[in-house]
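Structure first, commentary second.
2 protein chains.
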Amino acid sequence: MLAFERREKILSTLYSDKKVFVAPLASTFNVTEETIRRDLEKLEREGVVTRNYGGATLNERTSEDLPYQTRNTINLEEKRVIAQLVPPLIKDGSSIMADTSSTVYEALQVLQQSKDHLTIITNSVSILQDFAFSSFDVFSTGGSLRKNSRSLVGPSAIRSVQQYNVDAAVVSCKGISMTQGIMDTNEPEADLKQYMQNQARQVILLVDHTKFGAVSLVKTFPFEQVDCLVTNKKPAEEWLDFFGQHGIDIIFPS
Amino acid sequence: MLAFERREKILSTLYSDKKVFVAPLASTFNVTEETIRRDLEKLEREGVVTRNYGGATLNERTSEDLPYQTRNTINLEEKRVIAQLVPPLIKDGSSIMADTSSTVYEALQVLQQSKDHLTIITNSVSILQDFAFSSFDVFSTGGSLRKNSRSLVGPSAIRSVQQYNVDAAVVSCKGISMTQGIMDTNEPEADLKQYMQNQARQVILLVDHTKFGAVSLVKTFPFEQVDCLVTNKKPAEEWLDFFGQHGIDIIFPS
DNA sequence: ATGTTATGCTCGCTTTTGAACGAAGAGAAA
DNA sequence: TTTCTCTTCGTTCAAAAGCGAGCATAACAT
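Structure below.
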């Protein structure tokens, strides 16, 4: 048995048991404990494990092996809380429009584990990239590639969106305000979002608590179009009243 | 046994066992360990394996690593030779259709360094991904995401391609034959390629020497449509005659 | 003929491993 | 808490295996 094989086996033990011990490893591989220690030392240098007295434990997922989107996401915890609330709203086999937001991305990651089959129509390059090997049917809107946000926008994307009628549009935004409505930072994406909303039987808006009352550049679509709003903590009473008046189902962790 | 045969056998061992060892390979092929090491070195340069002390392991596609296209490419050296020949064919400021092939991907990498501004229309997710921060204007065709090749295909992609008229289509294929024409392995991509060719003033075909005489499943478009063919080594005389008869400029390293 | 590629061979360097021994840590006993 | 004992660790040395660079040779292509 070669050194790298042994280290691979140690790693696979680590993945299943989360921890390993020097002495038993030494006897199973018929090498001295010194050798095992050196193996663990190497794995530690690579950042895979943390050594401790008598053995080593697996490092939980470092940010390196997470997908691009998740790596660069701020307020990731809040977004994951929201993502966990989405599956009950979506029926198996549904068709969904998804925008470029990281909250929607995380929601799709959760849906991937809880649904057998979904059809996703998106203008997000990250979703195309990371769900290429999923069980989803994925369609791209096409369009002009908008730098820095890796979204596809423009007239071509809009025409494309209009071809589809879907069960739900799952979208996010940059800010919501009772007087100004639902807002985004840039025109092309806000524009496209409006068309997405238009083609969907049900509109699900995902917004974390930092978006409440935040004002942003461009208005997208009015609250009347929203069927369901998912957020990460219970909003203030006036917001609950406001959503009630507009017939919006509001969902937050109990 | 020829060198490339040996490397192919090593590769097939790798695909079944995930790893190989220097010493046993040397004895089964009756060559020195030096030779095996050089084989593995070459495979490592191509991004197929990772070498370790005493052997090498197959690189698994974790799907999250960045240069997916490049890692997955075999004969990368040949493709890069071809890529180097492309810039003189493209004028600064041109618009280009690019397909999903790894040769075209490499050509775009080279163009990025030698041209100020280009407009790229593509059905490749990898290109969207990796050129999002380039100086190119990138447009996606949209369409249905084809798993495993990460290409966008289908009627929606075709409609989209027909919207554009470009200076050049830069495409590759799986095989060319004097009797069968230009061929590909799958229908959706072959189909789209035909429409790409149709919208371009100039059609540039990139093919490495392994494609000559190779027969594949689906015919794409006839040789009459090709304006320029770029390859990595001088083709046989009969091919040169053949290209001459069809008015195709042939380009290879001098 | 000339250049390129594949291969083998040699030599010095690096990696791996085991063995030995003192240092450091953990847990039980005082 | 302090001390004692046993285990575990780190360091060092030496031997063995693997490796890379350079050179020479043969086959092949141009």
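One line per chain: the protein sequences are A and B, in this order. Heads up: the first sequence begins at 0 in numbering that gives the first Met the number 0, then just goes up one per residue. Heads up: the second sequence begins at 0 in numbering that gives the first Met the number 0, then just goes up one per residue. A virtual CB, placed ideally from N, CA and C, is assigned to each residue, including glycine.
Residue from the options whose Cα sits closest to the Cα of residue i
i                 : options                              : result
Gly54 of chain B  : B:Ala156, B:Gln128, B:Ile250, B:Ile9 : B:Ile9
Lys18 of chain B  : B:Val47, B:Met0, B:Val202            : B:Val47
Gly174 of chain B : B:Leu216, B:Arg200, B:Arg158         : B:Leu216
Ala82 of chain B  : B:Lys192, B:Pro187, B:Asn231         : B:Asn231
Ile203 of chain B : B:Gly246, B:Ile35, B:Gln162, B:Thr56 : B:Gly246
Thr99 of chain A  : A:Ala189, A:Gln201, A:Ser26, A:Met0  : A:Ala189
Phe138 of chain A : A:Pro154, A:Lys146, A:Asn164         : A:Asn164
Gln196 of chain A : A:Val214, A:Gln161, A:Val229         : A:Gln161
Val229 of chain B : B:Ser113, B:Leu84, B:Thr27           : B:Leu84
Residue i versus residue j - alpha carbon distance
i                 : j                 : result
Lys210 of chain A : Leu107 of chain B : 40 Å
Glu40 of chain A  : Arg37 of chain B  : 29 Å
Asp91 of chain B  : Asp166 of chain B : 11 Å
Asp207 of chain A : Ser101 of chain A : 11 Å
Asp115 of chain B : Phe130 of chain B : 14 Å
Arg70 of chain B  : Pro252 of chain A : Since pLDDT at Arg70 of chain B reaches only 44, below the 50 mark, its modelled position is unreliable, and the value read off the structure follows with that caveat. Answer to the nearest angstrom: the Cα atoms are 42 Å apart.
Tyr67 of chain B  : Asn29 of chain A  : Only weak support exists for where Tyr67 of chain B lies, its pLDDT of 49 falling under 50; the coordinates are left without a value.
Gly212 of chain B : Ala235 of chain B : 11 Å
Ala2 of chain A   : Val124 of chain B : 38 Å
Ile157 of chain A : Tyr194 of chain A : 7 Å
Asp16 of chain A  : Thr56 of chain A  : 9 Å
Ile95 of chain A  : Gln111 of chain B : 35 Å
Leu75 of chain A  : Glu105 of chain A : 9 Å
Glu63 of chain B  : Gln198 of chain B : Annotation note: pLDDT 36 at Glu63 of chain B (below 50); position unreliable, coordinate value reported separately. So the alpha carbons of these two residues sit roughly 34 Å apart.
Arg5 of chain A   : Val103 of chain A : 41 Å
Ile126 of chain A : Thr34 of chain A  : 44 Å
Val169 of chain A : Ala97 of chain B  : 31 Å
Arg60 of chain B  : Leu42 of chain A  : At Arg60 of chain B, the pLDDT of 46 sits below 50, so the modelled position is not reliable; the number obtained from the coordinates is stated separately. Going by the C-alpha atoms only, they are around 21 Å apart.
Leu239 of chain A : Lys233 of chain A : 9 Å
Thr12 of chain B  : Gln128 of chain A : 30 Å
Asn58 of chain A  : Thr49 of chain A  : 6 Å
Lys256 of chain B : Glu186 of chain B : What is shown of chain B runs 0 to 253, which leaves residue 256 of chain B out entirely.
Lys218 of chain A : Tyr14 of chain B  : 53 Å
Ser143 of chain B : Asp136 of chain A : 8 Å
Ser155 of chain A : Thr140 of chain B : 9 Å
Gly243 of chain B : Ile250 of chain B : 12 Å
Ser113 of chain B : Leu205 of chain B : 18 Å
Leu191 of chain A : Phe220 of chain A : 10 Å
Arg0 of chain A   : Glu45 of chain A  : For the record, residue 0 of chain A in the displayed sequence is Met; it is not Arg. Cα-Cα distance, rounded: 21 Å.
Thr27 of chain A  : Ser176 of chain B : 57 Å
Pro87 of chain B  : Val109 of chain B : 11 Å
Phe241 of chain B : Cys172 of chain B : 18 Å
Phe20 of chain A  : Gln201 of chain A : 53 Å
Ala25 of chain B  : Thr31 of chain B  : 5 Å
Ser133 of chain A : Asp248 of chain A : 30 Å
Ala22 of chain A  : Glu7 of chain A   : 17 Å
Val214 of chain A : Ile89 of chain A  : 29 Å
Ser159 of chain A : Ser93 of chain A  : 19 Å
Glu237 of chain B : Tyr52 of chain B  : 47 Å
Residues that DSSP places opposite residue i in a beta bridge
i                 : result
Ala97 of chain A  : A:Thr121, A:Val169
Thr49 of chain B  : B:Thr56
Ile175 of chain A : A:Ile181, A:Phe211
Val137 of chain A : A:Ile119
Ile250 of chain A : A:Val229
Gln201 of chain A : A:Ala167
Gly143 of chain B : Per the sequence shown, the amino acid found at residue 143 of chain B is Ser instead of Gly. According to DSSP, which records beta bridges pairwise, Ser143 of chain B is partnered with A:Phe138, B:Val152.
Phe20 of chain A  : A:Gly54
Lys218 of chain A : A:Met182
heavy atom of the ligand GTP below 7 Å from residue i C-beta
i                 : result
Leu127 of chain A : Among the ligands in the structure shown, none appear at all, so the ligand GTP cannot be discussed.
With a threshold of 8 Å, are at least 3 pairs of Cβ atoms found where one atom belongs to the region 218–230 of chain B and the other to the region 119–130 of chain B? no
Counting Cβ pairs, one atom from each stretch, are 3 or more of them under 8 Å apart for the region 175–182 of chain B and the region 169–189 of chain A? no
Which residues, taken in chain order from the region 133–152 of chain A, show a beta carbon closer than 7 Å to some beta carbon of chain B? Val137, Phe138, Ser139, Thr140, Gly141, Gly142, Ser143, Leu144, Lys146, Arg149, Leu151
Three CB pairs or more closer than 8 Å across the region 73–82 of chain A and the region 149–160 of chain A: no
Can you give me, in chain order, the residues of the region 103–129 of chain B that have a beta carbon less than 7 Å from any beta carbon in chain A? Val124, Leu127, Gln128
Using a Cβ-Cβ cutoff of 9 Å, what residues of the region 17–47 of chain B are near chain A? List them in chain order. Lys18, Phe20
Any C-beta of chain B within less than 7 Å: which residues of the region 172–204 of chain A qualify? none
Positions along the region 154–168 of chain A whose CB lies within less than 8 Å of some CB in chain B: Ser155, Ala156, Ser159, Gln162
Using a Cβ-Cβ cut-off of less than 8 Å, list which residues of the region 225–238 of chain B approach chain A; keep chain order. none
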